[in-house]
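Chemist: Residues are numbered in our numbering as their position in the sequence shown, beginning at 1, plus a constant of 754. Ideal Cβ positions, reconstructed from N, Cα and C, are used throughout, including at glycine.
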Amino acid sequence: MESSYDFLRHVLDSITEHIVVIDEKGKIQFVNKSWSSFGENNECMMASDWSNVNYLDECDKASAMGDDFGSEAASGIRSVIEQRNQFFYLEYHCHDPEEKRWFMMRVSPFSIEKGNYYVISHQNITERKLAEEVAINLSKMDGLTNIPNRRTFDEFLHTEWKRCIRLKKTICLAIIDLDHFKLLNDTYGHQSGDECLTRIGQLLKEFTSRPSDICARYGGEEFALVWSDTSLKQAELLSVKLLKKIEDLHINNKNSPVKQYLTASIGVTEMKPTRNSHEKELISRADSMLYQAKDRGRNRVES
């Protein structure tokens, strides 16, 4: 049998995780084959020749250049070396132009012959992170209309509200209710109703061209549009245009007392957020305008 050192090296070289061992000053004492092979073609790693490389120094250099991983890694490793933490764990991305990649870093200490050393391992967790991304994206979307759901709308509005406070910008909200949608469902069946909601969802996407805009399914047959840094007059014009486009779809609703095809009522409002106001006030105002549109005969915009 080979010597214990050679045997253990072969074991470590067979592991797919990238493993490096450093001393208390950060100087690299050992790297396995996976570490060396990955480092040769990976911009996230620090070198291809690991002799006399100080891992902590390289992390600090990366941190000074604005690399978040370098900063977090150096801080975490030092926390283990200084015995402030028993172990350290970090998930980070290491993307290249061709693909997304994520890794999990672990730091564990050990002692031998009165010396303290630290095993740093990097494991590829890309498959899990991609699956998580898909799950997160799906959780943000309404399954039927394929536009953001109410939860995503609430989170977006809260974020935009704070941004508009900081920048002293206005924000507009339109709430759209499909007129007599229950009659459409009762007349043509729920499948036709679902197809109708899907078409409205696709139409609303045409009105959200900026990162500060969002359309969402607000609930049932209600939808919402947010336009940041937009005047009330601009929001009114967009809402009137939307109303016309809904009519132009000519979705049959023959038993509606408004028209024989689908129409909508829209309530629009504008606010300039302040630290003493809340986004719920914006929603309340838009709701009031929506009910006013319904009271005045539907198929109209009130603001």
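Helix, strand or coil for residue 806? Go by DSSP, reduced to three states.
Modeler: coil
Chemist: Taking Cβ positions, are residue 977 and residue 954 nearer each other than 8 Å?
Modeler: yes
Chemist: Helix, strand or coil for residue 1046 per DSSP?
Modeler: helix
Chemist: Tell me where the alpha helix (DSSP H) around residue 912 begins and ends.
Modeler: 904-921
Chemist: Below 8 Å on the Cβ atoms is my contact criterion, and I expect residue 989 with residue 930 to pass it. Report the Cβ-Cβ distance as a whole number of Å.
Modeler: About 12 Å; that fails the 8 Å criterion.
Chemist: Thinking C-beta only, is residue 948 closer than 8 Å to residue 898?
Modeler: yes
Chemist: Which ranges would you report for the alpha helix (DSSP H) in the segment 943-984 if only whole runs of at least 4 residues count?
Modeler: Runs of the alpha helix (DSSP H) spanning 4 or more residues and lying entirely within the segment 943-984 occur at 944-958, in chain order.
Chemist: Spatial neighbours of residue 1036 within its chain, please: C-beta separation below 6 Å, excluding the five flanking residues on both sides.
Modeler: 927 and 1025
Chemist: Starting from residue 870 and walking both ways along the beta strand (DSSP E), at which residues does that stretch end?
Modeler: 869-878
Chemist: Helix, strand or coil: which one does DSSP assign to residue 799?
Modeler: Residue placement at residue 799 cannot be trusted, given a pLDDT of 49 that sits under 50; what the coordinates show is reported in the next sentence. Coil at residue 799, not helix or strand.
Chemist: Just mark residue 967 as buried or exposed, buried being the case when its beta carbon has 16 or more other beta carbons within 10 Å.
Modeler: Label assigned to residue 967: buried.
Chemist: Please report the straight-line C-alpha distance between residue 876 and residue 980, rounded to a whole angstrom.
Modeler: When rounded, the distance between both Cα atoms is 42 Å.
Chemist: Whose C-beta lies closer than 6 Å to the C-beta of residue 859 among residues of the same chain, with five residues either side of it excluded?
Modeler: 844 and 876
Chemist: What do you get for residue 841, buried or exposed, if any count of 16 or more other CB atoms within 10 angstroms of its CB means buried?
Modeler: So residue 841 ends up on the exposed side.
Chemist: Should residue 808 and residue 779 be called a contact, given that it needs their Cβ atoms to be closer than 8 Å?
Modeler: yes
Chemist: At the level of alpha carbons, what is the spacing between residue 766 and residue 1034?
Modeler: 58 Å
Chemist: For the alpha helix (DSSP H) containing residue 777, name the first residue and the last one.
Modeler: Premise fails: residue 777 lies in the beta strand (DSSP E), 772-777, not in any alpha helix (DSSP H).
Chemist: According to DSSP, simplified to helix, strand and coil, what is residue 888?
Modeler: helix
Chemist: Beta carbon of residue 777, beta carbon of residue 846: below 8 Å?
Modeler: no
Chemist: Using the C-alpha atoms, what's the distance from residue 881 back to residue 836?
Modeler: 34 Å
Chemist: Could you check what DSSP says for residue 849 in three-state terms: helix, strand or coil?
Modeler: Assignment of residue 849 by DSSP, reduced to helix, strand and coil, places it in the coil class.
Chemist: Run through the segment 981-1019 for me and flag every whole beta strand (DSSP E) of 3 or more residues, listed as ranges in chain order.
Modeler: none
Chemist: By DSSP, does residue 941 sit in helix, in strand, or in coil?
Modeler: For residue 941, the secondary structure class from DSSP, reduced to helix, strand or coil, is helix.
Chemist: Apart from the five residues on each side of it in sequence, which residues of its chain come closer than 6 Å, Cβ to Cβ, to residue 1040?
Modeler: 927, 929, 1021 and 1023
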